[in-house]
Amino acid sequence: MKVTNLFRFYRLGVGKRGVVTTRYPNGPAELPAAAQCAPELTGKCDACGHCAEACPTKAIAVTTSKFTIDLGDCIYCGECARGCPKGSIVMGKNCELSARKREGLEVSYDVRQ
Amino acid sequence: MNRMILSELVEDLPPVLRTGIRWELQDDGSLTIDVGEEALPGIVDHIQKKYHSWLISEHALDLRPKGGEFQLIVLLGLPKVTVPVIIRANVDIYASSFHSLTPSVPAANWFEREISDTFGLTPNGHPDQRPLVLYDDWPYGTYPLRKDFDPSRPVPRVPSEYPFRKVEGEGVFEIPVGPVHAGVIEPGHFRFSVAGEPIINLEIRMGYTHRGVEKLSESLPYHRGVPLAERISGDNGFTHALAYCQAVESLAGCAVPDRALFIRTILSEMERLYCHMGDVGGIALDTAFGTGAQMAYILRERLMQLNDQVTGSRFLRSASCLGGVRCDIPVDSKKDIQRTLLQVKLDFDDFVTTIKNMPSFLDRVETTGVLTLENARSLNVVGPVGRGSGIDRDVRRDHPYAAYDQISFQVPVYREGDVWARTRVKIDEVYESIGIIEQALDKLPSGELCVPLGEAPEGRTGLSLTETHRGECMHWLMAGKGQPYRHKVRDASFLNWPAIELAVLGNIVPDFPLVNKSFNLSYAGNDL
Amino acid sequence: MSGSDSELEVLGGQMKDRIRNVLGRSLAIREVDAGSCNACEVEVNALTNPIYDIERFGLHIVASPRHADAILVTGPVTRNMERGLVQSYNAMAEPRMVIAMGVCAIGGGLFRECYACHKGVGEVVPVDVYIPGCPPRPQAIIQGIMVALDKWQQRK
C-alpha cells in the first residue's frame with residue numbers, strides 16, 4: 053500500500069530537481085560574490101609588515117622588495133586584508149591553486165611604493 | 098531563583114559533608130564550593146541524588162607555577178538553574194592521585210581517564226585505568242598539560258600495547274574496524290565482539306586525532322584562539338568559536354552589541370541547518386535509500402553555498418571575533434537568506450514526506466540502536482541524542498546565550514531513543530532553526546558589530562556553554578597574561594561517545610553504521 | 006534543459022577520456038584522515054553529491070587503500086595516526102600517488118607547534134600534489150585531482 057504511495061510521489065515529480073550538477077571542471081568555478089580565497093596584493097605596499105604580524109599561521113613574509121605569501125600555510129582568514137593600513141590586500145576569488153611542488157604554492161609580488 | 102536554590106543546596110548538605118568546605122555565591126549567581134579532595138565524591142553524589150544534577154565537566158589544572166597545587170574542577174548543571182555549580186578541590190602534588198567520581202557518576206569515566214593521561218593524576222577507584230587520548234606508545238611520566246611540559250621537545254615512542262577488553266566464549270569472535278574506515282570519516286577504532294550477528298560488546302578506542310589543542314591554546318593570545326577554536330571540530334566550528342569568544346568576553350566583562358548577538362544567533366542556526374541536513378541525508382544513505390539521501394545532500398550544498406554567499410566561507414569561518422562578529426548581514430544577504438530558506442523548507446518537506454512514507458526505510462530505523470532514558474541520564478548524554486531518549490535539555494533554552502532569550506522556539510523531545518527518534522529530533526530542529534533565523538532576521542537591530550574586548554584580569558575564570566548541532570559544547574578558561582592559563586574544551590561528542598557502546602548492544606553489525614550516523618559524533622572534537 | 010544536458014555530457018566525456026588515457030579506466034581515490042578537524046571530510050563527501058558528482062568522470066572514492074591509485078591525506082598527521090597513514094600508503098599498489106589536501110596536510114597550518122603533530126604529510130610519506138585551502142573548496146579538490154592526472158600523464 054505504502055509502496056504505491058511512494059511511486060506516486062515520483063510520478064508527480066516530487067524530488068525531481070532538474071540538472072543541479074555544476075559544469076566545473078569544464079566550465080569556470082562559479083563562486084558566490086562574497087567567497088574568500090587566497091589573499092592577493094593588488095595595490096601599493098610600503099612593506100610595513102602589519103599583514104605578516106596579523107597572520108595566524110605566519111604565511112606572509114615582507115621585505116623591502118618582495119611580498120611573499122605561502123598558500124600552503126594560508127587559512128584564508130582575511131586577517132592580513134583587515135590588517136593592511138593601505139587596504140592593498142584583497143581576498144581573491146581564484147580557488148584553482150594546486151601545485152606539484154611545495155615551492156609552487158609560494159606567490160610573490162614586487163613591492164610597489 | 099538561582100540564588101535561592103543554590104544557597105538551599107549548601108544548607109542542605111549533611112553535616113558530614115559540610116565540614117571543611119567553603120562556599121561563595123558569585124555576582125553572576127553561580128555557586129563555588131571549595132572542598133577537600135577526599136570529600137568530592139560524596140558531595141557530588143549527594144547533589145546528584147538530591148537535585149538530579151548532571152556533570153558538565155571535570156577537569157584539572159596545574160597551579161604549581163602560581164605556588165599552588167593541582168586543582169580539580171567539577172562543573173554540575175542543575176535543573177531550573179541557569180548557572181552551573183562549580184566545585185573545586187586541591188590535589189596534593191606528591192600523592193598525585195584523587196578519589197574517583199566514576200563509581201557514583203558514570204559520566205565522569207572519560208573525563209578522569211583524560212585527566213590521568215594529560216596531568217598524571219591517578220583516579221583512585223576508577224574501574225578503567227587505560228589511556229584515553231594519548232596513544233599506547235606515550236612514555237610514562239610525560240604529561241602534556243602540566244606546566245613544566247615543553248611542547249617543542251619531541252616525545253619519544255615507547256613500544257607498548259593497548260589492552261582491549263576480551264570477550265570469550267564459544268562462537269564469540271572479534272571484528273576490528275578502523276582507524277582508517279571504509280567511508281570518508283575521521284579515524285577511530287571500533288572493536289566488536291559478536292556471537293553470530295548480534296553485537297555483544299563494543300569497545301571504542303579514540304585518540305587518533307589528538308592534536309594538542311588545549312596546550313596550543315595556552316600559548317596563543319586570546320584573538321589567535323578564535324581561528325584555533327574554529328578548527329576544533331570543523332563542521333561546528335562557528336559554535337565552538339562562539340563558545341570561546343563568549344568565555345573570553347566573560348573574562349573581560351565585555352558587553353557585546355545587540356546586532357552582533359542577533360547575527361551570532363543567525364549564523365549558529367545556519368550552521369545547525371547544514372549539519373542536520375547532512376545527518377538526515379546520511380541516515381537515508383545508510384539505509385540504502387540513495388535517492389532520498391541525495392535530496393538532502395543537494396539541500397546541504399545549497400545551504401553551504403548560502404554560507405559562502407553571506408560570510409565568504411562555506412564553514413562560516415572567520416565570521417566570529419572577540420567582542421562581536423566580523424561579518425554583517427546587510428539587506429541583500431537578508432533577502433538571500435530568506436529566499437533560500439523558503440526553497441529549502443519546501444524541498445525539505447518533500448524529503449520528509451518521502452522518508453516517512455517509506456516502509457523499508459522505517460523498518461531499518463525503528464527500534465534500532467535504542468538508548469534508554471536511564472542509560473542516557475547516567476552518562477549525561479546531550480544534544481539531539483539525549484532529546485531522542487527523552488532528556489528535555491537544550492542550552493539555547495536553559496542557559497540562553499546570544500539572542501536566544503528574545504526568540505521563541507520549541508525543543509523537540511522524543512522518548513523512544515532509537516535511530517528514528519534521533520532522526521525526528523533533527524528533522525524537527527531543522528524547522529525550528531528556519532523559524533529562529535526568520536525571527537532573528539525580522540528583529541535584527543541596527544548598531545555596531547564589534548566592540549573592543551578590554552582587559553582580562555589574570556586569574557579570573559570564564560565559562561561558556563553553547564548548543565552545537567551535536568549538543569552542549571563547553572569552553573572553560575582561566576585567564577593568564579594576555580593568553581589563557583588553562584583552556585578546557587569539551588565537545589558534546591565527549592559525553593556521547595560512551596553511549597554508543599550501550600546503544601548498539603544486541604543490534605546486528607550492519608546496523609552499526611546507522612546507529613553511528615544517527616549519533617553523528619565528532620572524533621576531532623572528542624580527541625582535541 | 007535537454008540542450009545543456011547533452012553538452013554537459015560531452016564535456017564530461019572529455020575529462021573521462023583523459024582519465025581513460027592516463028589510467029586505463031578510472032581513478033580510485035582513498036581518503037585518509039590523519040588528524041583533520043573534519044571540515045576536509047565534509048568537502049570530500051560533497052564531491053560525490055549531485056552538485057559536484059565526480060563519479061561522472063570515473064573518479065571514485067573507494068573503501069580501502071588496496072583499491073586505490075591515490076590517497077588524499079588530510080590533517081597534520083598526528084602522532085597517533087602516523088602508523089595508520091604509513092600502513093595505508095604501503096598497502097597501495099604501485100604506481101601510487103599521495104595528494105596532500107588542506108593547509109594542515111601541507112605544512113601543519115595552525116597545528117605546526119603542537120607536541121602531538123607532525124608538520125604536514127611530507128614528513129611521513131612523499132607528497133605528489135598539494136591542494137591549498139582550509140578546507141579546500143570542492144572545485145579546488147577537483148582541480149588538484151586534475152593536476153595529479155597531469156603528473157601521471159608525464160610519468161607515462
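Residue numbers (this note's numbering), protein chains in the order written: chain A, 53 to 165; chain F, 98 to 625; chain X, 6 to 161. All C-beta atoms in this analysis are idealised placements derived from N, C-alpha and C, irrespective of residue type, glycine included.
Evaluate the contact criterion for the stretch 394 to 402 of chain F versus the stretch 49 to 65 of chain X: three or more CB pairs, one atom per stretch, below 8 Å. yes
Presumed contact (8 Å Cβ cut-off) between R101/X and D58/X, rounded CB distance: So it is not a contact: roughly 25 Å between Cβ atoms.
Taking I127/A as the reference, which of R328/F, F261/F, V291/F, I296/F has the closest Cα? R328/F
Collapsed DSSP secondary structure at C103/A in the structure displayed: helix
Whose Cβ in chain X lies nearer than 8 Å to the Cβ of E105/A? Within chain X, no residue comes near E105/A; the closest Cβ sits about 16 Å away, beyond 8 Å.
Taking I127/A as the query, report the chain D residues whose CB atoms sit under 7 Å from its CB, ordered along the chain. The structure shown has no chain D; the protein chains it does contain are A, F and X.
Just checking: is the beta-carbon of D38/X within a distance shorter than 8 Å of some beta-carbon in chain F? yes
Can you give me, in chain order, the residues of the stretch 249 to 260 of chain F that have a beta carbon less than 7 Å from any beta carbon in chain A? none
Residue from K156/X, I34/X, E46/X with nearest C-alpha to E283/F: E46/X
Run through chain X and tell me which residues come within less than 8 Å of E108/A, C-beta to C-beta. It should be noted that the sequence gives Pro, not Glu, for residue 108/A. Neighbours of P108/A on chain X, chain order: L115.
Along the chain, where does the beta strand (DSSP E) that runs through V274/F open and close? 269 to 274
Assuming S160/A is part of the beta strand (DSSP E), what are its boundary residues? 158 to 162
Indicate whether at least one CB of chain X lies closer than 8 Å to the CB of L149/A. yes
For Y371/F and L149/A, I'd like the C-alpha separation in whole angstroms. 27 Å
Taking beta-carbon pairs under 9 Å, can you tell me which members of the stretch 136 to 147 of chain A lie near chain F? M143
What would DSSP say about P456/F, mapped onto helix, strand or coil? helix
Beta strand (DSSP E) segment containing W120/F, residue limits: 119 to 122
Pop quiz: A357/F and L546/F are said to be a contact at Cβ under 8 Å. What is the actual Cβ separation, rounded to whole angstroms? 6 Å
Just to confirm before moving on: does the CB-CB distance between A340/F and S154/F stay below 8 Å? no
Between K453/F and the rest of its own chain, which residues show a CB-CB distance below 8 Å, the 5 nearest in sequence each way excluded? L459
Where are the alpha helix (DSSP H) runs, 4 residues long or more, that stay fully inside the stretch 130 to 167 of chain F, in chain order? 137 to 148
Candidates S486/F, G466/F, H320/F, Q406/F: which alpha carbon is nearest P549/F's? H320/F
In whole angstroms, give me the CA-to-CA distance for K96/A and D495/F. 52 Å
Applying the criterion that 16 or more other CB atoms from any shown protein chain within 10 Å of the CB defines a buried residue, is F616/F buried or exposed? buried
Roughly how many angstroms lie between the CA atoms of L317/F and A157/F, to the nearest whole one? 20 Å
At a Cβ cut of 9 Å, what residues of the stretch 406 to 426 of chain F count as close to chain A, listed as they run along the chain? Q406, V407, T408, G409, S410, R411, R414, S415, R423, C424
Out of curiosity, what's the CA-to-CA distance linking L229/F and G40/X? 16 Å
Using beta carbons (cut-off 8 Å, strictly below), is R308/F in contact with chain X? yes
Measure from the C-beta of R134/A to each C-beta in chain X and report whether the shortest distance is under 8 Å. no
Need the endpoints of the beta strand (DSSP E) that Y259/F sits in, please. Run containing Y259/F: none; DSSP gives neither H nor E here.
With V482/F and R519/F assumed to form a contact (beta carbons below 8 Å), what rounded beta-carbon distance in angstroms separates them? 6 Å
Alpha carbon to alpha carbon, how far is F506/F from R436/F? Give it in angstroms, no decimals. 21 Å
Could you give the DSSP three-state label for G559/F: helix, strand or coil? strand
On the DSSP letters alone, give me the boundaries of the alpha helix (DSSP H) that P112/F sits inside. 112 to 115
Report yes or no: is there a C-beta of chain F within less than 8 Å of the C-beta of V71/A? no
Grab me the residues of K110/A's own chain with a C-beta within less than 8 Å of its C-beta, minus the 5 sequence neighbours each way, in chain order. A104, D125
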